[in-house]
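Before any comments, here is the structure.
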Amino acid sequence: MAAKRLGLQTVVFRKAPRIVGCSTIAGPKEGEGNLGSYIDTLIDDPLMGQPTPEKAERMLLYQACQDALEKAGLTEDDMQFFIGGDLLNQIISSSYCARDLGIPFLGIYGACSSIVEGLGLGALIVDGEYADSVLVATSSHYQTSERQFRYPIELNIQHKKSNQWTVTGAGAAVLSTTGTGPKITMATFGRVLDYGIKSPNDMGAAMAPAAADTLSRHFQDTGTSPGDYDLILTGDLAAVGQKLFVQLVKEAGYTLGSKHMDVGAVIYKPEQRSGAGGSGCACPALGILGYVVKEMLEGKLRRVLATATGALFSPVSNQQGDSIAGIAHALVIEV
Amino acid sequence: MDKAQKDLHARYQQMVKEATPQPNRWRNTVMAFITGGAICTIGQLLYNLFETIEPSRLETTAVTQAAMIALGAIATGLGFYDWLAERGGMGAAIPVTGFSNTVTAAAMEFKREGYILGMGAKMFVIAGPVLVYGILSGFVVSLLRAVLTGSLF
């Protein structure tokens, strides 16, 4: 077996790439939510003065990248790869952002799991000595997602309680072996799981099996248990998905208890009328690069298992009757 | 799909059903009744007003419809109609103001892709099926009526 592998799905980073600089940016609704104080930059206007929300989303992404580089004390020229992903068709936010950054670009699509997929791939590249520094970023926008996956913004829709609200924001991180910051020590890349959920109103339910599978695999591969981590983070399962996730993990023999936190379930306050909670690429990005990294730098968290899940479908596949598949990736982040 | 997988899916569907919160049907019904009733009351008041100007019933009905459609479009443009629908549900969706909202909301959304291929082409993306099947069912019912009664009018 390859020397840096552990068990079936886990890889170990011997050089432990560090998050040497990271930045988060989000809209006013996220600012008023529970994680508001952990977000670096809050914008007042979700359109950022742009004529379309698509243009605003790529601006958010670009801004997050610039801020992350500045915090790391580096520039675009120091980055050997830019890994980016978002929810829009043909990942246009990331591609246009890459055009403006001018860094060799690897575009990924893992739906809302993109930030963990990106950090995992970035860590592989840095650990494999194919780069000294890699920039990883992801974004999502309420208005762009609504129009692509659901309905026009102003349409008369009564949202279901299981609906999730796409987070408007972006997160970016610089990975490097030189510098200071939290280390990425392991990654468990997940399988695509499909339990036959067809309604795009139940995305948390579609992703929960994948999250539970990746988590169980991680514990088996590494011989760890929930007790070995200060926090087990999931990305955007939200209220309904997280309930199912906890149930499925319990069936696999692991009890998470108070160690588990789902970013989607906590990002908005109940009075913000957001259905089951948040979703979108920016949701786990704000959780990991905002909450987790800041708590680590303050010494409140030492070892975190951070997972992010993605719902893999398109409006076309959904209308043609295909079910929604889910994916989840996990990272071990330590100080 | 083999049987084990089918069973797994069925069992998971059950788990999802139990985990998903149910909508508050009583509250939604009352809210829909109040919202729909309020919109219809506005329509009736306008009808009564227009009746004093134009006494023909057909003409008054047409003018009232047009006024309600305009009101629905304005409320959509001001960002008020989706707020109303979030609370009033079907009470906001079924009246003609709701139909007006579906066209206006789509027009606003797709204007960004230009007036021809954006707004012009996609304005009826939500309202289209209502028009197609509304006209189709109207035709079928009229045909049945004509056959059964032997008269077109």
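Chains as they are written, first to last, in the working numbering: chain A, 1 to 335; chain B, 1001 to 1153.
We treat Cβ as the ideally placed atom computed from N, Cα and C, and that holds for glycine.
Fair warning: this is a prediction, and the values are worked out from it, not measured in the lab.
So for residue i, helix, strand or coil by DSSP?
{"i": "H218 of chain A", "result": "helix"}
{"i": "D262 of chain A", "result": "strand"}
{"i": "T138 of chain A", "result": "strand"}
{"i": "R273 of chain A", "result": "coil"}
{"i": "C281 of chain A", "result": "coil"}
{"i": "T75 of chain A", "result": "coil"}
{"i": "H329 of chain A", "result": "strand"}
{"i": "A16 of chain A", "result": "coil"}
{"i": "T41 of chain A", "result": "strand"}
{"i": "M296 of chain A", "result": "helix"}
{"i": "G21 of chain A", "result": "strand"}
{"i": "K250 of chain A", "result": "helix"}
{"i": "T1041 of chain B", "result": "helix"}
{"i": "E1054 of chain B", "result": "coil"}
{"i": "V11 of chain A", "result": "strand"}
{"i": "L244 of chain A", "result": "helix"}
{"i": "L289 of chain A", "result": "helix"}
{"i": "L193 of chain A", "result": "strand"}
For the beta strand (DSSP E) containing residue i, list its first residue and its last residue.
{"i": "T309 of chain A", "result": "303-312"}
{"i": "Q1065 of chain B", "result": "First-last for Q1065 of chain B: 1057-1077, but that is the alpha helix (DSSP H), not the beta strand (DSSP E)."}
{"i": "G1098 of chain B", "result": "It is not in any beta strand (DSSP E) - G1098 of chain B instead sits in the alpha helix (DSSP H) that spans 1096-1110."}
{"i": "A68 of chain A", "result": "Not the beta strand (DSSP E): A68 of chain A falls in the alpha helix (DSSP H), residues 53-72."}
{"i": "K4 of chain A", "result": "No beta strand (DSSP E) contains K4 of chain A, which DSSP labels as neither H nor E."}
{"i": "R186 of chain A", "result": "Note that residue 186 of chain A corresponds to Met in the displayed sequence, not to Arg. Start and end: 183-188."}
{"i": "T166 of chain A", "result": "164-166"}
{"i": "L233 of chain A", "result": "231-234"}
From which residue to which residue does the alpha helix (DSSP H) around residue i run?
{"i": "D1082 of chain B", "result": "1081-1088"}
{"i": "S394 of chain A", "result": "Residue 394 of chain A is absent from the structure shown; chain A starts at 1 and stops at 335."}
{"i": "Q50 of chain A", "result": "Q50 of chain A -> no alpha helix (DSSP H), and no H or E assigned at all."}
{"i": "L1143 of chain B", "result": "1128-1149"}
{"i": "E1018 of chain B", "result": "1003-1019"}
{"i": "Q319 of chain A", "result": "315-319"}
{"i": "G31 of chain A", "result": "28-32"}
Let me check understanding here. Comparing Cα to Cα, which of the options lies closest to residue i?
{"i": "K294 of chain A", "options": "A:D322, A:E334, A:E271, A:G275", "result": "A:E334"}
{"i": "K1111 of chain B", "options": "B:Y1133, B:V1125, B:Y1081", "result": "B:V1125"}
{"i": "I232 of chain A", "options": "A:T214, A:D221, A:G310", "result": "A:T214"}
{"i": "L119 of chain A", "options": "A:L135, A:F105, A:A131", "result": "A:L135"}
{"i": "C97 of chain A", "options": "A:A64, A:T75, A:K71, A:C112", "result": "A:A64"}
{"i": "A1105 of chain B", "options": "B:R1087, B:M1001, B:I1074, B:I1135", "result": "B:I1074"}
{"i": "C22 of chain A", "options": "A:T41, A:G235, A:E154", "result": "A:T41"}
{"i": "E1113 of chain B", "options": "A:I83, A:W165, A:E54, A:D78", "result": "A:E54"}
{"i": "L297 of chain A", "options": "A:K15, A:M1, A:I19, A:V11", "result": "A:I19"}
Looking at chain E, is there any beta carbon in it that lies within less than 8 Å of the beta carbon of residue i?
{"i": "R58 of chain A", "result": "The structure shown has no chain E; the protein chains it does contain are A and B."}
Could you give the distance in angstroms between the alpha-carbon of residue i and the alpha-carbon of residue j?
{"i": "P315 of chain A", "j": "G1138 of chain B", "result": "31 Å"}
{"i": "H218 of chain A", "j": "V1030 of chain B", "result": "49 Å"}
{"i": "E129 of chain A", "j": "S258 of chain A", "result": "38 Å"}
{"i": "T1061 of chain B", "j": "I1042 of chain B", "result": "13 Å"}
{"i": "K198 of chain A", "j": "L305 of chain A", "result": "29 Å"}
{"i": "A210 of chain A", "j": "F245 of chain A", "result": "9 Å"}
{"i": "M1090 of chain B", "j": "F1080 of chain B", "result": "16 Å"}
{"i": "V266 of chain A", "j": "Y1115 of chain B", "result": "41 Å"}
{"i": "I91 of chain A", "j": "R303 of chain A", "result": "32 Å"}
{"i": "R273 of chain A", "j": "A26 of chain A", "result": "18 Å"}
{"i": "L1144 of chain B", "j": "V1132 of chain B", "result": "18 Å"}
{"i": "S145 of chain A", "j": "E57 of chain A", "result": "10 Å"}
{"i": "K160 of chain A", "j": "P1023 of chain B", "result": "7 Å"}
{"i": "L61 of chain A", "j": "K269 of chain A", "result": "25 Å"}
Just checking residue i against the ligand SAM - is the residue's beta carbon closer than 7 Å to any of the ligand's heavy atoms?
{"i": "Q319 of chain A", "result": "For the ligand SAM, the structure offers nothing, since it holds no ligand at all."}
Task: Secondary structure, beta strand (DSSP E): runs of 3+ residues fully inside the segment 77-156 of chain A - done: Taken in chain order, the complete beta strand (DSSP E) segments of 3 residues or longer contained in the segment 77-156 of chain A are 81-86, 105-107, 133-140.
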